[in-house]
Structure formats: structure tokens, C-alpha cells
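Here the structure comes first, spelled out in C-alpha cells, and everything after it is commentary.
Numbering (my numbering), first residue to last: 2 to 326.
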């Protein structure tokens, strides 16, 4: 069993690398897309606040993943290995394809798949699973609505008024600073969720020192951001809709607010889905012609495929690895 735990720890670090590389675009993608920050500076800023969130926050989400879906005592080292391996394989594939999927979807679906194969669905917390799935549906819709409302208000109350005074460019410059603040807030939330997604199952398989697990996971998150975070950041920041600092600020603030609310309830909500929803909402508020629906359709298709793929793959890997006992 010690070998399985060691392998699971290594895979969790790899998972942390992948999930951070995939998710950092949720925090700094709009800042890059609107021109408020250059890519490298955005990634460094994101890495700093993600690390703070990972170390200081996220306890509720860790508890949900480690013992909320499968009751405490049922989670074995073999299950931890299977879950982290499954999610890592899928997220690696999507990063190569530059598609911003949800790491939360991947890890939770992998936990469900391994749980069905290992302990049976009757021993799983179906109520918690239901709340998680509901949060996946509500969060992008809430992000879309909130993003629409925030930008609609800013556009009509501030941008149009200043444009009439010939101060539109100056207003956008001010919003670029606001956007950096909102991106930092978003990255803080992201760290809290991603550390739970990457290492939550490790907390479920025994009594480990929580601090050093968080530190190791944080190292993996930061490495993923700095070494591979530019790939999906490009998609979030530039391919869904055209962004200015005021639009980027609106989208980022909307997503940060929604994720923070779910974080308080311990829900492993998807920052990716929420941010994409808020970007779409801002795009609609500005004018539907600016929204690139073909890109959105591609992203949505990958989200829908992620859940059944990870459930089936996780169940299959658990059955295949039965010789480990």
C-alpha cells in the first residue's frame, strides 16, 4: 500500500501541474486578451495568488472531494491512484488540444467512476453528487448573467458617458488596473479549488500532514502555470470574444464572485465553465456579433464528453488494476 500512496502522490503533483496549466487562463486570460497584462507578467501574477489560495484556503472543497462523495473509510490507496491517473490523462489530452476543460469535472467524475467500481453506487453520497452536478450547471449560467449585468451597467453608466466627453481611452486605461485586481482575486479562488482537485484524494487515504501536502501541491500548481499556462490562456483571452479592459474586468469580476460563493459551500465548481460563461455574457452585452460561437461549441462539447469519459475510464482502470488488491 505504501507504494500505491507514493505513486498517488507523484500523480497528484502531475495533476497539479496539469490542472494549473489548464485553469490559469480563468484568472489571467481576460487580462491578456484585453491587453492589460503581457502573457509572462500575467502568469507570474497568477502563480503568486494561486499559491496563496492553495495554502490558505480550500479546506471546504478538500473535504468535499476527500470524503463528501465516497464516505470516509471507503477510499483506498488504489482508488486514489486510479482517480489521479484518470484525471491527469484526460487533462493532458485537452491541454495538448488547447481546450479549456474543467479539472473539477474530470476529478469528480473520476472519483465517481472509481467509487462505482470499488464500493458500489449504494455506498456513495448521491446527494452530494447531485449538488456538485447542479453547481456545474448553475455556475456558468450565473457567470453569464452576472457578466452581462456588470458590463451592461458599466457600458451604459460609465463608458458611454465618458465616450461623449472624449475620455473613452482614459477610462479603459483605468479599467486595466481594475482588471489586474479582479484577476488576482480570481486567482486566489482558483488556488483554493485547484489544490483540492489535485490533492483532495490524498487526504482521503490516510493521516497525512496537511501542510506539506498543500505545499507540494502548490509547487506543482506554480510549475504548471509558469511552464504551460500560456496554452489555454490564449483560448480564454482571445478566441471567445474580443475584449477591452472594461469588458475583461466585467467578465473576471463576475466569475470571481460566483466562484467565491460556491467556494464557501465547499463545491468543486468549475472556474473554467464560470469564466467562459461570464465572457459570453459580456460579449452578448456588447453585441452578439462579437461572440465566436464555433469556439464556444467546441469547448462545450469537450465539457460534455469529459464526464462520461472520466467515469468510464476510471472504472475500467480500477477493474484492470485489481491485481493490486
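The beta carbon of each residue, even a glycine, is placed where N, CA and C say it ideally should be.
A quick note: this is a predicted structure, and the numbers were derived from the prediction, not measured.
Opening and closing residue of the alpha helix (DSSP H) in which residue i lies
{"i": "residue 140", "result": "127 to 155"}
{"i": "residue 39", "result": "Residue 39 -> no alpha helix (DSSP H), and no H or E assigned at all."}
{"i": "residue 178", "result": "169 to 205"}
{"i": "residue 272", "result": "272 to 287"}
{"i": "residue 164", "result": "161 to 165"}
{"i": "residue 246", "result": "246 to 265"}
{"i": "residue 66", "result": "Unbroken run through residue 66: none, as it is neither H nor E."}
{"i": "residue 9", "result": "3 to 24"}
{"i": "residue 120", "result": "Residue 120 -> no alpha helix (DSSP H), and no H or E assigned at all."}
Per-residue burial, residue i [other beta carbons within 10 Å of its own, 16 or more giving buried]
{"i": "residue 305", "result": "exposed"}
{"i": "residue 171", "result": "exposed"}
{"i": "residue 143", "result": "buried"}
{"i": "residue 57", "result": "exposed"}
{"i": "residue 27", "result": "buried"}
{"i": "residue 180", "result": "buried"}
{"i": "residue 302", "result": "exposed"}
{"i": "residue 4", "result": "exposed"}
{"i": "residue 254", "result": "buried"}
{"i": "residue 158", "result": "exposed"}
{"i": "residue 294", "result": "exposed"}
{"i": "residue 212", "result": "exposed"}
{"i": "residue 266", "result": "exposed"}
{"i": "residue 124", "result": "exposed"}
{"i": "residue 320", "result": "exposed"}
{"i": "residue 258", "result": "buried"}
{"i": "residue 182", "result": "exposed"}
{"i": "residue 122", "result": "exposed"}
{"i": "residue 217", "result": "buried"}
{"i": "residue 284", "result": "buried"}
Selected residue, minimal CA-CA separation from residue i, among the options
{"i": "residue 22", "options": "45, 36, 183, 212", "result": "45"}
{"i": "residue 148", "options": "214, 10, 282", "result": "282"}
{"i": "residue 196", "options": "112, 51, 157, 35", "result": "51"}
{"i": "residue 33", "options": "250, 200, 318", "result": "250"}
{"i": "residue 137", "options": "86, 228, 307", "result": "307"}
{"i": "residue 1", "options": "203, 24, 189", "result": "Since the first residue of the chain shown is 2 and the last is 326, residue 1 is not available in this structure."}
{"i": "residue 188", "options": "91, 276, 14, 88", "result": "276"}
{"i": "residue 150", "options": "256, 297, 122, 59", "result": "256"}
{"i": "residue 118", "options": "156, 88, 76", "result": "76"}
{"i": "residue 12", "options": "59, 82, 280", "result": "82"}
{"i": "residue 42", "options": "273, 184, 322", "result": "184"}
{"i": "residue 323", "options": "272, 80, 14, 274", "result": "80"}
{"i": "residue 273", "options": "14, 10, 95, 74", "result": "95"}
Same chain, Cβ closer than 8 angstroms to residue i, five either side skipped, listed in chain order
{"i": "residue 160", "result": "169, 172, 247"}
{"i": "residue 222", "result": "17, 18, 20, 21, 48, 51, 52, 55, 192, 195, 196, 199"}
{"i": "residue 268", "result": "62, 65, 132, 133, 136"}
{"i": "residue 227", "result": "44, 45, 48"}
{"i": "residue 90", "result": "314"}
{"i": "residue 92", "result": "16, 19, 20, 23, 102, 104, 107"}
{"i": "residue 8", "result": "82"}
Beta-carbon proximity list for residue i, same chain, < 6 angstroms, skipping 5 on both sides
{"i": "residue 153", "result": "286"}
{"i": "residue 278", "result": "141, 144, 145"}
{"i": "residue 201", "result": "63, 66, 67"}
{"i": "residue 358", "result": "This structure cannot settle anything about residue 358, because the visible part of the chain is limited to 2 through 326."}
{"i": "residue 40", "result": "33, 231"}
{"i": "residue 163", "result": "169, 172"}
Pairwise C-alpha distance: residue j and residue i
{"i": "residue 313", "j": "residue 177", "result": "44 angstroms"}
{"i": "residue 338", "j": "residue 310", "result": "Examination of residue 338 is not possible in this model, given that the chain is present from 2 through 326 alone."}
{"i": "residue 245", "j": "residue 38", "result": "12 angstroms"}
{"i": "residue 225", "j": "residue 19", "result": "6 angstroms"}
{"i": "residue 139", "j": "residue 167", "result": "39 angstroms"}
{"i": "residue 72", "j": "residue 112", "result": "12 angstroms"}
{"i": "residue 108", "j": "residue 174", "result": "39 angstroms"}
{"i": "residue 186", "j": "residue 29", "result": "10 angstroms"}
{"i": "residue 165", "j": "residue 288", "result": "20 angstroms"}
{"i": "residue 85", "j": "residue 115", "result": "10 angstroms"}
{"i": "residue 203", "j": "residue 317", "result": "21 angstroms"}
{"i": "residue 120", "j": "residue 104", "result": "24 angstroms"}
{"i": "residue 129", "j": "residue 70", "result": "6 angstroms"}
{"i": "residue 260", "j": "residue 190", "result": "7 angstroms"}
{"i": "residue 1", "j": "residue 252", "result": "This structure gives no information on residue 1, because the portion of the chain shown stretches from 2 to 326."}
{"i": "residue 264", "j": "residue 270", "result": "8 angstroms"}
{"i": "residue 87", "j": "residue 298", "result": "24 angstroms"}
{"i": "residue 215", "j": "residue 60", "result": "10 angstroms"}
{"i": "residue 280", "j": "residue 127", "result": "32 angstroms"}
Own chain, CB closer than 7 angstroms to residue i, minus 5 neighbours either side, in chain order
{"i": "residue 68", "result": "205"}
is_contact[residue i, chain B] using C-beta, thresh 8 angstroms
{"i": "residue 43", "result": "In the displayed structure, chain B is absent; only one protein chain is listed."}
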